[in-house]
Amino acid sequence: MILERNNMFNIRQINDDLERVIGPEHVTELRNLMRYYRLCQSAVNEVGTKLENLDGEYENEYNHNPIHHMEQRMKSVDSLFNKMKKKHLPKTIAAVENNIFDIGGIRVITNYISDVYTIKENLISQDDVTLLKVKDYIRDPKPSGYRSLHLVVKVSVFLSTGPVETPVEIQIRTVGMDMWASLEHKLRYKTNVPSAKVADFADRLVDDANTIYKVEQNLQTIYRELSEPGVFKNEE
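For the numbering used here, add 3 to where a residue sits in the sequence shown, where the first one is 1.
Listed below in C-alpha cells is the structure:
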C-alpha cells in the first residue's frame, strides 16, 4: 500500500497565509487557527495509522489488501477562506470549528467496491472514532456520474493538556472511480476547452462512469469466486 502526502502541513507557509488573509493585527485568531491546523494534521495522521493497521490486519488474516493506496492532504488557507466566504462565515476560529470539517482529509483508494464498505464499517466501529456525516455517492451517484463514499469523523488527538476531538474528511472509492474522478476534475477545472466541448465530454463521462461501475462489479464477482476455498493453488 502506498501513502501519498499532498499539500501537507508547513508551519511557516500556513502562518504567512493566515496572516495575509486575516491580518497580522488579529494575533489571537492567528494563534488559534495555527493550533487548529496542527490539530487537524494530527487527526489525519491518527486516521492514516488506523487505516494502515486495518489494511495490514486484512493482509495477514485474509490474504487480501482492501486498500490500494491512500492520499493525505491539508486544505490550503485560501481554499478554507474561500469556502467560508461562500458560507458567509466570519474569519474566526469558532466559525471554523463549528462549520468546516475538511481541513484535514484522506482519500482511500480500494481494490474492489466491497472494500469501500469494509473500510467504513471497520473504521467507524472503533471506540475512539465518532461518525459525524455520511454521503454515499456510490449507491446514489451525482448527476455527473461521480461515485465515492464521503465520511466525516472525529478522532481523539492526545495533547499534553488532554485529548481533543478533531474532524477529518475521508473519501473512499475504487481505483476505477478515482481514475474517473481525476479526469472529470481536470475537465471541469484544469483545461481551457470550449464550453460546448466540455458539455460533450461530460455527457460521455456519465456513460463511462456507469460502464466502469459495471466492470468493477463483474471483477468483484470473479474475485469472490476465485477466493472460495480450494480455488487458489498453495504457494510453496
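By construction, the Cβ of each residue, glycine as well, lies at the ideal position given by its N, Cα and C atoms.
{"Asked": "Coarse secondary structure for GLU239, derived from DSSP in three states", "Found": "Any reading at GLU239 must be qualified, since the residue scores a pLDDT of 42, below 50, and its modelled position is unreliable; the value itself is stated next. If DSSP states are grouped into helix, strand and coil, GLU239 belongs with coil."}
{"Asked": "8 Å Cβ shell around LEU57 - same chain, five flanking residues per side excluded", "Found": "PRO69, ILE70, ILE122, ASN125, LEU126"}
{"Asked": "PRO166 versus TYR39: straight-line alpha-carbon distance, rounded", "Found": "13 Å"}
{"Asked": "Outcome for GLU239 when other beta-carbon atoms lying within 10 angstroms are tallied against a minimum of 16", "Found": "Confidence is the limiting factor: at GLU239 the pLDDT is only 42, short of 50, which leaves the residue's position unreliable and the question unanswerable from this model."}
{"Asked": "Sequence ranges, beta strand (DSSP E) only - wholly within the segment 76–160, length at least 3", "Found": "107–113, 132–139"}
{"Asked": "Three CB pairs or more closer than 8 Å across the segment 33–48 and the segment 87–105", "Found": "yes"}
{"Asked": "Through-space distance from LEU135 to GLU64, alpha-carbon basis", "Found": "30 Å"}
{"Asked": "Buried or exposed (CB count within 10 angstroms, at least 16 for buried), GLU219", "Found": "buried"}
{"Asked": "Endpoints, beta strand (DSSP E) assigned at THR177", "Found": "165–177"}
{"Asked": "Top-ranked residue by Cα proximity to VAL171, from CYS43, GLU32, GLN16", "Found": "CYS43"}
{"Asked": "Length of the line joining the Cα atoms of HIS72 and ILE175", "Found": "11 Å"}
{"Asked": "Inter-stretch contact at 8 Å, needing at least 3 Cβ pairs: the segment 138–148 / the segment 78–93", "Found": "no"}
{"Asked": "Per-residue DSSP class, three states only, for HIS188", "Found": "helix"}
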